[in-house]
Structures are given as C-alpha cells and as structure tokens.
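Heads up: the structure comes next, in structure tokens.
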Amino acid sequence: MKIAGLFLLGLLMLYTQFIFAPHIAIAGIIPNLLIAYVIFISTRLSQTAATVLTFFIIIAFDVQMPCTFGLHTTVLLSVAWFISRYHAAINKEKLISVSLSILLVVFSYISLTTLFSLISTQIVGANPYLFVLNVFYNTGITIVLVYFFNLLSYLRITLNVR
C-alpha cells in the first residue's frame, strides 16, 4: 500500500474507533483499534514515514479527548518508533511470536496510559481485574486486526474508471 492508502486506512480506523468501537465494549472497556494500525504501518513503512503518519492520525484521536490531550500521541509515537526500530518479532510467520510481541506492545501502551490516568486524576486504587481484561481484550482485537491488515496489503484492488 502506498502512503496515501495507509493514510486513508488510518482515517477509516479513526472513524471506526469513534463510531463502532464503543458498541463492542466489554465491562466498559472500549478497545483501541488504532494500536493495530500503528503496529501495521510501523512494520510496513520507514521509521520517518511511520512516525509522521502516526502523529497525524493519533493527534486527531487525541483532539476528541481534551483531558488527556497528547497522552495517546506520545505513547503511540513511542510505540511506532520502537516497532520501526525492532520489528523483527512482529514480522515473523509464527502466530505465537507475533501474539507475544503484540501482547508486550499492548501491555506497555495500557500500562503507560493507566499510570498517567492514575497520577493525573489522583484516584486511589484501580481494579486489577479490569486492567488484565483490558490488556487481553485489546491484545485479541489487535492480533485480529494486524492479520486482517496484512491480508489487505496482499490484495490488489484497482478501479477502472471510464
């Protein structure tokens, strides 16, 4: 896919995140579909292109949440940079190694956003069961979406306009 196609995919994922994701929430946990998008573009593009594309899509996501403005952008830019540098485990053919790599990425993303939320709102205590559910629910959805995006990248779609 070219960069313009990946940008349009990012806009579609952003739209899906706002419209569809709240309808598949479990126990109040809305899955973050953009994690899969960031992983996919970080493995497909150069480090600079992936960082720029991640910034523009995730800043649009952050604009919708002014109380944590910049949090998701900062964390997902770090994820994009890390994956762009060390994406050998995510590009493997084995489902286990890809799943464990994605689990690590999702765990670090949710840990950092949860830590920031706990510090900024000064809530005493958090439910560890919801944290674990959040990690595994987002990991499952991210694995499915990353494989779906890889399948889409192998398809060749052309439009004949006359």
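Residues in the sequence shown are numbered consecutively from 362, following the working numbering. Ideal Cβ positions, reconstructed from N, Cα and C, are used throughout, including at glycine.
- Note: Ile387 is bridge-paired with Ile390 in the DSSP secondary-structure output.
- Assignment of Leu395 by DSSP, reduced to helix, strand and coil, places it in the helix class.
- With respect to the C-alpha of Thr429, the residue from Leu513, Met374, Ser481 having the closest C-alpha is Ser481.
- Sixteen is the threshold: since fewer than 16 other Cβ atoms of the shown chains lie within 10 Å of the Cβ of Met426, the residue is exposed.
- Counting C-beta atoms within 10 angstroms of its own C-beta, Phe401 has 16 or more neighbours from the protein chains shown and is therefore classed as buried.
- Annotated three-state conformation of Leu406 is coil, per DSSP.
- Contact between the segment 503 to 518 and the segment 389 to 401 is present, with at least three C-beta pairs closer than 8 Å.
- Between Asn499 and Asn393, the C-beta spacing is below 7 Å.
- Spatial neighbours of Ile364 in its own chain (CB-CB distance under 8 Å, excluding positions within 5 residues in sequence) are listed in chain order as Leu406, Ala410, Leu414.
- Tyr490 and Leu476 have their C-alpha atoms some 15 Å from each other.
- The C-beta distance from Ala397 to Ile391 rounds to 14 Å, too long to fall under 8 Å, and the pair is not in contact.
- Between Ser469 and Leu461, the alpha-carbon positions lie close to 12 Å from each other.
- Look at Gln378 here: in three-state DSSP terms it is helix.
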